[in-house]
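Asker: In the UniProt record's numbering, the protein residues as written are 1 to 312. We put the beta carbon where it would ideally sit given N, CA and C, even for glycine. Here the structure is a predicted model, which means the values were calculated and not measured. Sharing a structure, written as structure tokens. Questions coming.
Right under this line is the structure:
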């Protein structure tokens with residue numbers, strides 16, 4: 001019997017956390033191999049000492065079957081989790097070609113509403129499932145990931161995909177103590193997550209303020225972004241809950257003091273950002289659908305055409 005091969009590309013806050021749990025559970029397994037694709041200091045530390053994953057209750061340490069920056073060393077896998085930033089997506093998929101065989105299923109766990117579609121264009125003959133996670137974690141140093149909340153959730157699935165393979169993967173994840181759901185409507189789950197991220201990332205980045213500050217100082221614009229995004233979702237056939245605009249903001253209000261979004265942090269550090277995925281996508285999709293999103297357009301223009309920070 002051939003082993004099931006699972007690869008995780010991008011061993012950061014998300015890929016490192018879930019990859020670490022999988023590597024720990026399936027160490028020396030006769031049925032499952034876990035592979036990490038990483039680079040730089042993070043890769044070197046994992047090769048030497050394994051990956052450490054700390055959650056609320058314990059710290060685990062584990063080594064995958066192989067950690068490498070050369071996918072050709074792995075060969076075709078059964079399941080590939082993509083956990084890189086969305087701006088690296090197309091480049092990452094091209095680099096991963098050696099591990100993508102005809103039966104490889106790709107499961108992206110990236111921020112964005114159209115991630116699976118972007119991958120499917122590159123890999124039209126493979127199954128590409130949709131996925132998203134709710135987790136507060138961070139790669140605090142090479143080889144160590146810390147989770148800061150008690151709960152985490154993973155959703156994945158495909159309406160057209162192989163149902164048995166979806167259930168098989170869910171069983172593998174659950175056995176590694178990864179809370180996983182295959183929802184009836186994965187598109188709705190993707191958009192619920194995108195809704196929460198897109199509005200918060202856009203407004204915190206535009207005003208260069210924390211979540212608490214934008215809630216206190218710009219709540220009307222926060223709400224307006226929500227209604228604009230909801231109109232785009234509905235035009236695409238996504239039926240979000242009636243209270244989605246305010247529930248998304250309420251979810252941000254319970255974040256710790258001085259919390260902000262990863263896109264805002266990237267802007268502050270002068271790093272590449274996911275502005276095209278989280279803000280630009282809404283503007284472009286609205287234009288295609290003939291919908292007005294003036295607040296999104298205004299903030300997108302500010303974030304892409306003017307030196308950062310936009311606001312004092």
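When you compare only the Cα positions, how much space is there between residue 308 and residue 132?
Answerer: Each residue's Cα considered, the two are about 29 Å apart.
Asker: Have a look at residue 70 and residue 91 and give me their C-alpha separation to the nearest angstrom.
Answerer: For residue 70 and residue 91, the distance between alpha carbons rounds to 14 Å.
Asker: Take residue 264 and list the residues in its own chain whose beta-carbon comes closer than 6 Å to its own, dropping the five residues that flank it on each side.
Answerer: 204, 205.
Asker: I believe residue 37 touches residue 22 by the beta-carbon criterion, under 8 Å. Please report the beta-carbon distance rounded to the nearest angstrom.
Answerer: In fact, because the Cβ distance is near 14 Å, the residues do not count as touching under 8 Å.
Asker: Cα separation between residue 235 and residue 63?
Answerer: Roughly 46 Å separates the two Cα atoms.
Asker: Kindly indicate which residue of 151, 128, 124, 130 has the alpha-carbon position closest to the one of residue 136.
Answerer: Per the Cα distances, 151.
Asker: Report yes if the C-beta distance between residue 295 and residue 228 is below 8 Å; otherwise report no.
Answerer: Their beta carbons are under 8 Å apart, which means residue 295 touches residue 228 by this criterion.
Asker: Using a Cβ-Cβ cutoff of less than 6 Å, which residues in the same chain neighbour residue 5 once the five nearest sequence positions on both sides are dropped?
Answerer: Excluding residues within five positions, the ones whose Cβ falls inside 6 Å are 33, 77, 78.
Asker: In terms of residue numbering, what span does the beta strand (DSSP E) encompassing residue 213 cover?
Answerer: Segment 211 to 217 is the alpha helix (DSSP H) holding residue 213; no beta strand (DSSP E) there.
Asker: So residue 59 is in the alpha helix (DSSP H); what residue range does that whole segment cover?
Answerer: Per DSSP, residue 59 belongs to no alpha helix (DSSP H); it is in the beta strand (DSSP E), 59 to 62.
Asker: State the DSSP-derived secondary structure class of residue 30, mapped to helix, strand or coil.
Answerer: Coil.
Asker: Suppose you measure from the CA of residue 105 to the CA of residue 120; what does that come to, to the nearest Å?
Answerer: Those two C-alpha atoms are separated by around 11 Å.
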